[in-house]
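Enquirer: Residue numbers (my numbering), protein chains in the order written: chain B, 1461 to 2226; chain F, 4 to 183. Glycine included, C-beta positions come from ideal geometry on N, C-alpha and C.
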């Protein structure tokens, strides 16, 4: 009786209905259909429990989000590659403060439960290398045991026939077994670890002697059988260093592994040629990696710098320094690229492309890496980081999940997934993910910093500040948390507390922190309407930054300083000075990011138009902004914003309104909302202006401290709008609020003078 | 199969069998719809019975503009809304007008079914990348319209992809494997 659907057009929507993919109206239509169609009704009934799981179960949803790893057949290729993020439209992790974050490749553990699955079968010729026991020096102050293990990993990784479990993975698994930090493993633990890593082989080694020559022994254990399959004893010549000994060991181990015939014809380069020939440099390099794993950038920078001081040809140390210190150092890494392993060479070329603004090549390099090293989690992680930087969150999540599939303990990927979820609007998943991360590495600052970011971006400021404080409790010099805590307090008008946080930055050891501290100190004055003091402080910042001209961040930092100056001059109604500062900001920014034309250009267009230079404003729109329109969100925003501002200046108000609305649709920020307010006021649409201004007064963009004046001036504008709406009581209220916010401000601020006079006039009338 | 409107016409003429079949149909479909929105089965059944009672009392006199199904559905929908509102009051919550009725309590799911579903989703994801992409985007919060746009598929095509995936999923859940 009910073998057929009574209306296929509606019946085809069955699964969409069950998944909750239909609109409200479509759902109603479908449910009406269910009454008419016993066939569909039966199907829904039979599938009820499954569809409920699909709609509501968190695990199922998470599994769904992990489906569809982007590849050439399924990736969203419709959007062209954007050159660079130019506006902060979504929160980015502390990791992204330096360019290094985009390709953060050295990662460390976080705890998750690894459950054995049907896939948990040992992979043929996958070797896990345990730390070497330095019997000759049990204290191992020179970290020779660790160095030997890492060099062996690198050397063996050069073979396409051997899959080597990384030392990070070893560390992670030890942590899972509650033996974190163990440098010497007994065979039982080592076997357990190897088994969890799906390694067929476990290699344990000892350093028996260092002087007069190095002697190492190793045992190759079949993990499943628990048998020692082969042993090696390598006695170096007196002139052999650890690198030469590892080379000899590699040859022996490859022989023991019974590799395919092709392995014998592989080129086996000496490990010193693909790393460094300096044991001391390598030690600092490993230290640097450890700091990177914890997101402790200044310490990492320091270690990598020591590494290149000791070996000026150390390609991978330059690679990391290019992210941490000066992007131009990537050219040094490229120069010495032959001194890196094959997989590392992909990373170097990818970053080189990225630094040149060639994202497609950067991605192509990483895709090649994936092809040649399909088990390399860093390749997927890096691809995810690139997609994240391009604000393609869902693609980023796909790649990060793929990296986690390879290594469930890849904490940096988890961190980035949390940010991606948040940027996709899924706050609950974001917090759940970050909480899991926190529970696994409670002694690290970064997860708390990330948690703070998630709260802050969802306007949960007290929770955010608690998280930042927790990060600072763990690591008082964790700059990212200090900066954001200071900015948040500043935006909440808690100036004394803000200053105490900013003081840490002013007095920090690193120039970048001091530069940030200087700018924030100036914005602290700016927030209170102390413009004269703020301008003096900004001049000091410029002077301070000028000394650091070689630093990669210096020009963008100086650009921010000039942006603040421009906003102060604007608040003082000094439009010419405001324009000059904005033009300087744009010029400086482009010294840091030559290919990125959008940031500042749309503000320059606006300021030019405001002083009556309409032609110049049009020119910059055509030359710098038009080409980015419809290419990217930031490009479209910049163009629409500039167009709206210029149309407003030309008094083409309807056209201005269209562009401003387009702008808001792309990004609802204080900037775009303020512009829309001005247009609405010109059009006499005071109710609309009031509604937007009210929203601005509750909106916090704490990561843009310079915009604090716009936030405060919204109270002033709101008061004026209430006057237009003939609501004097509310006008008085907002004039008072405005004056209160700048009560310690300079006496010569025109809007403050006006507000006081109006308050007096209205006050007597009420 | 006699369509619902014909059953309705016969029922109001006093044909007992038609009336029985009409109400059997209402009962089954009402239960399905209500269960989807109200997980607590006792509550759900109560709502269904209330709705059926109202339909039984009023269907002969009611002004049926479009179809009996649309009218009966409206009755049920109102009963469900009333239930949601009353529950919100009891729990001190404020609800909006959304028909995505947010259930207060989550019943325990069948762990075997859940495990199998997770496995099947993975399998189907591998075998059917377009479905995988749809699911991926859906769970990331994209609307159907946005998903269609991203995948450059028409609405109809979108539903067809889903229909096929559903058949594969049912098959996988029943047999434990995916026919590629």
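Let me confirm a value: residue 1885 of chain B is counted as buried when at least 16 other C-beta atoms fall within 10 Å, else exposed. Which label applies?
Expert: exposed
Enquirer: Find the residues of chain F that neighbour residue 1876 of chain B, judging by a C-beta separation of less than 9 Å, and give them in chain order.
Expert: Correct list: empty, because the minimum Cβ distance to chain F is about 15 Å.
Enquirer: Helix, strand or coil: how does DSSP classify residue 1601 of chain B here?
Expert: Of the three classes helix, strand and coil, the one that applies to residue 1601 of chain B here is coil, per DSSP.
Enquirer: With three or more beta-carbon pairs closer than 8 Å as the criterion, would you say the stretch 2167 to 2181 of chain B touches the stretch 1960 to 1975 of chain B?
Expert: Taking a cut-off of 8 Å for Cβ pairs, the stretch 2167 to 2181 of chain B and the stretch 1960 to 1975 of chain B do not touch, as fewer than three such pairs fall below it.
Enquirer: Counting only Cβ-Cβ distances shorter than 7 Å, please list the residues of the stretch 46 to 78 of chain F near chain B, keeping chain order.
Expert: Only those residues of the stretch 46 to 78 of chain F whose C-beta falls short of 7 Å from the nearest C-beta of chain B are listed: 72, 73, 75 and 76.
Enquirer: Would you kindly work out how many angstroms separate the C-alpha atoms of residue 1684 of chain B and residue 1649 of chain B, rounded to a whole number?
Expert: 14 Å
Enquirer: At a cut of 8 Å, does the stretch 1778 to 1791 of chain B reach the stretch 1710 to 1718 of chain B through at least three beta carbon pairs?
Expert: no
Enquirer: Starting from the beta carbon of residue 1481 of chain B, find every residue of chain D whose beta carbon is closer than 7 Å, and list them in chain order.
Expert: Any reference to chain D falls outside this structure, whose protein chains are B and F.
Enquirer: Check whether the stretch 1662 to 1680 of chain B and the stretch 1594 to 1612 of chain B touch, using three or more Cβ-Cβ pairs below 8 Å as the test.
Expert: Below 8 Å, enough C-beta pairs join the stretch 1662 to 1680 of chain B and the stretch 1594 to 1612 of chain B to call them touching: three or more.
Enquirer: Go ahead and label residue 93 of chain F buried or exposed: buried means 16 or more other beta carbons lie within 10 angstroms of its beta carbon, across all protein chains shown.
Expert: Caution is warranted here: a pLDDT of 49 is assigned to residue 93 of chain F, below 50, making its placement in the model unreliable, and no coordinate value can be reported.
Enquirer: List the whole-angstrom C-beta distance separating residue 1 of chain F from residue 1492 of chain B, where the pair is believed to meet the contact cut-off of C-beta under 8 Å.
Expert: The structure shown does not extend to residue 1 of chain F, since chain F is modelled only from 4 to 183, so the question has no answer here.
Enquirer: Between which two residues does the beta strand (DSSP E) harbouring residue 2081 of chain B extend?
Expert: Where residue 2081 of chain B is concerned, there is no enclosing beta strand (DSSP E), given that its DSSP letter is neither H nor E.
Enquirer: Report buried or exposed for residue 2221 of chain B, applying the criterion of at least 16 other Cβ atoms within 10 angstroms of its Cβ.
Expert: exposed
Enquirer: Where residue 1780 of chain B and residue 2061 of chain B are concerned, what is the direct C-alpha to C-alpha distance, given to the nearest angstrom?
Expert: Answer to the nearest angstrom: the Cα atoms are 31 Å apart.
Enquirer: Identify, in the order they occur along the chain, each residue of the same chain with its Cβ nearer than 6 Å to the Cβ of residue 1890 of chain B, setting aside the five sequence neighbours on each side.
Expert: 1878, 1881, 1882 and 1914
Enquirer: Within 10 Å of its beta-carbon, does residue 45 of chain F have 16 or more other beta-carbons around it, so buried, or fewer, so exposed?
Expert: Looking at its Cβ environment, which holds fewer than 16 other Cβ atoms inside 10 Å, residue 45 of chain F is exposed.
Enquirer: If you run the structure through DSSP and keep just helix, strand and coil, what is residue 1588 of chain B?
Expert: In this structure, residue 1588 of chain B counts as strand in the three-state DSSP scheme.
Enquirer: Hey, residue 14 of chain F and residue 86 of chain F: beta-carbon distance below 9 Å or not?
Expert: no
Enquirer: So what's residue 1739 of chain B in DSSP terms, helix, strand or just coil?
Expert: helix
Enquirer: With a CB to CB cut of under 6 Å and the five nearest residues on each side skipped, what residues in its chain are close to residue 2103 of chain B?
Expert: 2119
Enquirer: Which residues in chain F sit within 8 Å of residue 1523 of chain B, going by Cβ to Cβ distance?
Expert: 121, 124 and 125
Enquirer: Quick one: is residue 84 of chain F near chain B, going by C-beta distance under 9 Å?
Expert: No - not a single Cβ of chain B is within 9 Å of the one on residue 84 of chain F.
Enquirer: By Cβ distance, which residues of its chain are closer than 6 Å to residue 96 of chain F, with the 5 residues on each side in sequence left out?
Expert: Summary for residue 96 of chain F: the model assigns pLDDT 36, below 50, so the residue's position carries little reliability; its value from the coordinates is reported in the next sentence. Excluding positions up to five away in sequence, the list is empty.
Enquirer: Can you give the beta carbon distance from residue 1740 of chain B to residue 1751 of chain B, rounded, assuming they're within the 8 Å contact cut?
Expert: Going by Cβ atoms, the distance from residue 1740 of chain B to residue 1751 of chain B rounds to 17 Å, so no, they are not a contact pair.
Enquirer: Look at the Cβ atom of residue 1799 of chain B, then the Cβ atom of residue 1726 of chain B, and state whether they are nearer than 9 Å.
Expert: No.
Enquirer: Given a cut-off of 9 Å on the beta-carbon distance, is the pair residue 2057 of chain B and residue 2023 of chain B in contact?
Expert: no
Enquirer: Would you mind reading off the limits of the beta strand (DSSP E) that contains residue 2227 of chain B?
Expert: Shown here, chain B extends from 1461 to 2226; a query on residue 2227 of chain B therefore has no answer.
Enquirer: If you draw a straight line from the alpha carbon of residue 2038 of chain B to that of residue 2182 of chain B, how long is it in whole angstroms?
Expert: 28 Å
Enquirer: Check the C-beta distance from residue 1606 of chain B over to residue 1746 of chain B and give it rounded, since I have them as a contact under 8 Å.
Expert: 6 Å
Enquirer: Is the Cβ of residue 1541 of chain B closer than 9 Å to any Cβ of chain F?
Expert: Here the model assigns residue 1541 of chain B a pLDDT of 23, short of 50, so the residue's position is not dependable and the matter cannot be decided.
Enquirer: Which of the three DSSP states is assigned to residue 2209 of chain B in this structure?
Expert: coil
Enquirer: Quick check on this structure: which residue in B:2096, B:1477, B:1523 and B:1979 has the alpha carbon closest to the alpha carbon of residue 1503 of chain B?
Expert: B:1477
Enquirer: With a threshold of 8 Å, are at least 3 pairs of Cβ atoms found where one atom belongs to the stretch 1929 to 1938 of chain B and the other to the stretch 1904 to 1918 of chain B?
Expert: yes
Enquirer: Go ahead and pull the three-state DSSP assignment for residue 1463 of chain B.
Expert: coil
Enquirer: Looking at the structure shown, is residue 1661 of chain B part of a helix, part of a strand, or coil, going by DSSP?
Expert: strand
Enquirer: Does the beta-carbon of residue 66 of chain F have 16 or more other beta-carbons within 10 angstroms, so that it is buried, or is it exposed?
Expert: exposed
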